[in-house]
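Everything below concerns the one structure shown next.
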Amino acid sequence: MVCLGNICRSPLAEGILASKVDPENVFVDSAGTGEYHIGKQPDRRSIAVARKYGLDISHQRCRQFSKDDFVEFDLIYVMDRSNFSNVASLASTTEEAQKVKLLLEEVSLGISEVPDPYYSGTDGFEDVYQMIDKACEAIAKKLN
């Protein structure tokens, strides 16, 4: 799961998907395309909305996406087109590039990008949580 800073959307996506899959068979992680928040916890608003739904993402620490992630992961879900371009540009092969997908392509919500809630209020985080949850439910059904 990849977003810009790895503090809002991708930590939520990591926590939500991890709660829906068998951890013995599926490893879920998140990263950001930027280096702004490396080592920090997710945004307090992401932690709060996750907690509201019984998920604890406070243990997560931000990291930056790297080329090694193409080797480590079979699927790489990004939150928006900018993240898609940034991640796909790091791919060395066609096979690596084909691993990169927009998260909301997994569901029909009428939009293709998860908006960045960073500059919005609590409602923005709630809306993003609901979008990500629907997409993760669809992914989990494929993986389980």
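If you read the sequence shown in numbering that gives the first Met the number 0, its first letter stands for residue 0, the second for the next number, and so on.
By construction, the Cβ of each residue, glycine as well, lies at the ideal position given by its N, Cα and C atoms.
A quick note: this is a predicted structure, and the numbers were derived from the prediction, not measured.
Which class does V48 belong to by DSSP, given the choice of helix, strand or coil?
-> helix
What did DSSP end up calling G123 once you bin it into helix, strand or coil?
-> helix
Residue(s) in a DSSP beta bridge with I75 | V99
Span separating the alpha-carbon of F64 from that of Y118 | 23 Å
Does the beta-carbon of G4 have 16 or more other beta-carbons within 10 angstroms, so that it is buried, or is it exposed?
-> buried
DSSP on A134, reduced to helix/strand/coil?
-> helix
How big is the Cα-Cα spacing for D67 and L108?
-> 32 Å
Leaving aside the five residues before and after S9 along the sequence, list all residues of the same chain whose C-beta is less than 7 Å from its C-beta, in chain order.
-> M0, V1, C2, S29, A30, G31, M78
Which of helix, strand or coil DSSP assigns to Q63 | strand
Tell me which same chain residues have a C-beta within less than 6 Å of the C-beta of G123, skipping the five on either side of it?
-> P116
Using DSSP with H/G/I as helix, E/B as strand and the rest coil, what is V86?
-> helix
Per-residue DSSP class, three states only, for V70 = helix
Identify the residues that DSSP records as bridge partners of A30: which are they?
-> V1
Going by beta carbon distance, what residues of the same chain come within less than 6 Å of Y76, once the five residues before and after it are set aside?
-> M0, K100, L102
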